[in-house]
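**Student:**
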Amino acid sequence: MKRQIILTLPLLFGIANLWAQLPYSETEIFTTNLPKASLKEDPLPNSSFLVAGYYTLELEAENGEANFSETKFNPIFLWQKGQKIFFQSEVEFELRGSENGIEQEINLEYAVMNLLLGNNAVLYSGKFIAPIGTFTERYHPDWINRAATKPIGLGKPVNGLKLLQPGGEIGIGIKGAVFVGNGKVNYNMFISNGAVLDSLNGMLRYDNLLDNNTNKAIGGRIGLMPIPGSTLELGLSGYTAKVGSEKGNYEDATVRLLALDINYVKAISGFGKIDIKGQYQTLGVNTTNYENNLVIDNSSKVWYAQCAYQLPSISDKVRWLSNIEVVSRYTQLDVPASAPWGEDLSQLTLGINYWIRWNAAFKVAIDFFKSDADAETGATGVFTMGF
Amino acid sequence: MKKIHIVSIFISLVLAITLLNSCSSTRMATITGAQLWGENCVRCHNAPPSTDFSDREWEAVGTHMRLTGHLSKEERDKIVEFLKSSN
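Chains A and F, in that order, give the protein sequences. If you count the first sequence from 1, position 128 lands on 1227 in the numbering used here, and the numbers rise without skipping. If you count the second sequence from 1, position 58 lands on 50 in the numbering used here, and the numbers rise without skipping.
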């Protein structure tokens, strides 16, 4: 022990001495070794940090009641570090009224580290919004969604079912765009933990940090933009994963999802702007027998078609006219009849928006829901602002 | 076994795309940042005015939208330059 101390002491002394003999302190190195002028230059010209995000207040009127039913605030953090690294994250703080009182939620919507690889590819990892169709990935933020409500099966909850597809997935992926002739193809492929099957009711749970098997989900989307200079985009997406636990009755349970989407936006001077969006998707799990003798033919389908029209600015006196947009959307959700969460439903949405800025609007919409058994109407008002 | 397949598909994709990485179109050579802004920035939401963000902020927004809007780096750079020159 003594010998060790004796040997260590001179070593420590040596290190301390070296330290003391370093020619400059850190600040000196930065100030004296560099030419003065360069101190004024931007050391990382491509680096940037920005907090963006959005805010929403929702007023819902249904069954003779009107409530400020939901308010939320979604900050988005963006870090660009030089030419290669980009980190993005969104957190949702949400307050919602429900039959059980007030529900408060804080969710990590996404947290993605991107490695920018040259012109046409980006490698990413973390929690990301799955590129299945386009509504969930691109149009769900309230200041982007043209209507005050979301389509059933794609964000608007009905019978305990909110999304008939993955929303947030945890894993890695690659995306980008390549040019083919004069057209453009964009791609986005990922591997993630994947969905988990609830053996009690045949429902799928997404957003999983703990997968129930070693199999990873694989999914992605290819978007075609065939006409140069046009906004027209046609998309095809797919997703498959084993969803049952490794051992047991559900080890072969597999989900398969296919989606098609379309987007077209065109502004014509003197006429206004038309915005057409749509998505069709089918989802099936190849297992029919669930616990407690429940038998479900577990395939579902959802599609929506939406058209929005923003008025033109006819004269300077009535410029505000061009802030008005009308929207109509039809959504059809088909779910297995025998499932506890099953009820085929259609939703016709008619709405009107007043845009006060490019990313802020008052939106109102009436939803006409119809199932085999009954019909319901709901009115929703939204004030939303991006920043 | 299947996992190995998925991983190898993924790796070949990464390789193929890295090879395609220099891929650009003849159209890109002549198109301006303003045109690209008009074609791309209205597809999902109303196009923001250039005055809404500072030069430095456009750097971050530009990359964010390169990722969300699936733009090539070349398209992103041209759009960001256009927005920075007109804000």
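Just so you know, even glycine gets a beta-carbon here, dropped at the ideal spot from N, CA and C.
Between Ser64 (chain F) and chain A, is the shortest Cβ-Cβ distance under 8 Å, so that the two count as touching?
**Tutor:** Yes, contact with chain A.
**Student:** Give the list of continuous beta strand (DSSP E) stretches no shorter than 3 residues that lie fully inside the segment 36 to 61 of chain F.
**Tutor:** You should have found no qualifying run.
**Student:** Alpha carbon to alpha carbon, what distance is there between Gly1369 (chain A) and Gly1217 (chain A)?
**Tutor:** Cα to Cα, Gly1217 (chain A) sits roughly 41 Å from Gly1369 (chain A).
**Student:** DSSP three-state call for Lys1180 (chain A): helix, strand or coil?
**Tutor:** Reduced to three states, the DSSP call for Lys1180 (chain A) is strand.
**Student:** Measure the C-alpha to C-alpha separation of Ile1367 (chain A) and Phe1176 (chain A) and round it to an integer number of angstroms.
**Tutor:** Roughly 35 Å separates the two Cα atoms.
**Student:** Do you know offhand how far Tyr1453 (chain A)'s Cα is from Val1279 (chain A)'s?
**Tutor:** Spanning the two alpha carbons is a distance of roughly 39 Å.
**Student:** Buried or exposed for Thr1476 (chain A), going by 16 or more other Cβ atoms inside 10 Å?
**Tutor:** Exposed: under 16 other Cβ atoms inside 10 Å.
**Student:** Residues of the segment 1173 to 1189 of chain A with a CB closer than 7 Å to any CB of chain F: list them in chain order, please.
**Tutor:** Flagged, chain order: Leu1177, Gln1179, Phe1185, Gln1187.
**Student:** Under 8 Å by Cβ, that's how I've got Gln1182 (chain A) and Leu1222 (chain A) pegged, so tell me the actual separation to the nearest angstrom.
**Tutor:** Not quite, the Cβ-Cβ distance comes to about 14 Å (not below 8 Å), so this is no contact.
**Student:** Residues in the same chain with beta-carbon distance under 8 Å from Gly1254 (chain A), minus the five sequence neighbours each way, listed in chain order, please.
**Tutor:** Correct list, in chain order: Phe1234, Thr1235, His1239, Lys1261, Leu1262.
**Student:** Please classify Gly1163 (chain A): is it buried, with 16 or more other beta-carbons within 10 angstroms of its beta-carbon, or exposed?
**Tutor:** Exposed, since its Cβ has fewer than 16 Cβ neighbours within 10 Å.
**Student:** Less than 8 Å between the C-beta atoms of Asp1466 (chain A) and Thr1155 (chain A), yes or no?
**Tutor:** It is not a contact, given that the beta carbons lie outside the stated cut-off.
**Student:** Quick one: list the residues of chain F neighbouring Ala1294 (chain A), beta-carbon separation under 8 Å, in chain order.
**Tutor:** Here the premise fails: no neighbours, minimum Cβ distance about 16 Å.
**Student:** Assuming Gly1301 (chain A) contacts Val1384 (chain A) (C-beta within less than 8 Å), just tell me the rounded distance between them.
**Tutor:** At roughly 7 Å, the Cβ-Cβ gap stays under 8 Å, so Gly1301 (chain A) and Val1384 (chain A) are in contact.
**Student:** At the level of alpha carbons, what is the spacing between Asn86 (chain F) and Ser1329 (chain A)?
**Tutor:** Residue 86 (chain F) cannot be examined here, being either before or after the span of chain F that is shown, -7 to 79.
**Student:** For a quick check, are the C-beta atoms of Gly1266 (chain A) and Ile1228 (chain A) less than 8 Å apart?
**Tutor:** Yes. Within cutoff.
**Student:** Answer with yes or no whether the minimum CB distance from Leu59 (chain F) to chain A is below 8 Å.
**Tutor:** So, interface residue.
**Student:** Between which residues of its own chain and Arg1418 (chain A) is the CB-CB distance below 6 Å, once the five residues before and five after are set aside?
**Tutor:** Around Arg1418 (chain A): Ser1412.
**Student:** 8 Å is my cut-off, CB to CB: does Thr55 (chain F) come that close to chain A?
**Tutor:** Closer than 8 Å to some Cβ of chain A, the Cβ of Thr55 (chain F) qualifies, so yes.
**Student:** Going by C-alpha to C-alpha distance, which of A:Gly1252, A:Trp1457, A:Lys1341, A:Phe1482 sits closest to Gln1409 (chain A)?
**Tutor:** Ranking A:Gly1252, A:Trp1457, A:Lys1341, A:Phe1482 by Cα distance to Gln1409 (chain A) puts A:Trp1457 first.
**Student:** Residues of the segment 31 to 52 of chain F with a CB closer than 7 Å to any CB of chain A: list them in chain order, please.
**Tutor:** So the list reads Glu31, Val34, Arg35, Cys36, His37, Asn38, Ala39, Pro40, Pro41, Arg48, Glu49, Glu51, Ala52, given in the order they occur along the chain.
**Student:** For the beta strand (DSSP E) containing Gln1380 (chain A), name the first residue and the last one.
**Tutor:** Its beta strand (DSSP E) spans residues 1371 to 1384.
**Student:** Alpha carbons only, please: which of F:Asn38, F:Arg48, F:Leu63 is nearest the one belonging to Met20 (chain F)?
**Tutor:** Among F:Asn38, F:Arg48, F:Leu63, the Cα nearest to that of Met20 (chain F) is on F:Leu63.
**Student:** Under a three-way DSSP split, which group does Ile1114 (chain A) fall into?
**Tutor:** Because Ile1114 (chain A) carries a pLDDT of 45, less than 50, the predicted location of this residue cannot be relied on, and the following value inherits that uncertainty. Reduced to three states, the DSSP call for Ile1114 (chain A) is helix.
**Student:** Here's the rule: buried if 16 or more other CB atoms are within 10 angstroms of the residue's CB, otherwise exposed. What is Gln1405 (chain A)?
**Tutor:** Its Cβ being crowded by 16 or more others within 10 Å, Gln1405 (chain A) is buried.
**Student:** For Phe1461 (chain A), which residues in the same chain have their Cβ closer than 6 Å to its Cβ, ignoring the five residues on either side in sequence?
**Tutor:** Hits under 6 Å: Tyr1453, Phe1482.
**Student:** Quick one: which chain F residues come within Cβ less than 9 Å of Leu1215 (chain A)?
**Tutor:** Ordered by position in chain F, the residues that pass the 9 Å Cβ test against Leu1215 (chain A) are Thr55, Arg58, Leu59, Lys65.
**Student:** Pull the bridge partners of Glu1424 (chain A) from the DSSP assignment, please.
**Tutor:** For Glu1424 (chain A), which the question treats as bridged, DSSP gives the partners A:Gln1409, A:Asn1452.
**Student:** According to DSSP, simplified to helix, strand and coil, what is Met20 (chain F)?
**Tutor:** Helix, per DSSP.
**Student:** Provide the residue span of the beta strand (DSSP E) that contains Leu1264 (chain A), from first to last.
**Tutor:** The displayed chain sequence assigns Gln, not Leu, to residue 1264 (chain A). From DSSP, Gln1264 (chain A) is part of no beta strand (DSSP E); its letter is neither H nor E.
**Student:** Would you say Ser1147 (chain A) faces chain F, with C-beta separation under 8 Å as the test?
**Tutor:** It does; some Cβ of chain F falls within 8 Å.
**Student:** Verify the CB distance criterion: does Ser1124 (chain A) have a CB-CB separation below 8 Å to chain F?
**Tutor:** At Ser1124 (chain A), the pLDDT of 42 sits below 50, so the modelled position is not reliable and the matter cannot be decided from this model.
**Student:** Below 9 Å between beta carbons is the criterion; list the residues of the segment 1225 to 1246 of chain A that meet it against any residue of chain F, in chain order.
**Tutor:** Of all residues in the segment 1225 to 1246 of chain A, Thr1233, Glu1236, Arg1237, Tyr1238, Pro1240, Trp1242, Ile1243 have a Cβ within less than 9 Å of some Cβ in chain F.
**Student:** Go ahead and label Gln1187 (chain A) buried or exposed: buried means 16 or more other beta carbons lie within 10 angstroms of its beta carbon, across all protein chains shown.
**Tutor:** Gln1187 (chain A) should be labelled buried.
**Student:** Are the CB atoms of Leu1357 (chain A) and Gln1380 (chain A) within a distance shorter than 8 Å?
**Tutor:** Result yes, Cβ atoms of Gln1380 (chain A) and Leu1357 (chain A) sit closer than 8 Å.
**Student:** Whole angstroms is fine: what's the gap from Asp1433 (chain A)'s alpha carbon to Asn1258 (chain A)'s?
**Tutor:** Distance between the alpha carbons of Asp1433 (chain A) and Asn1258 (chain A): 13 Å.
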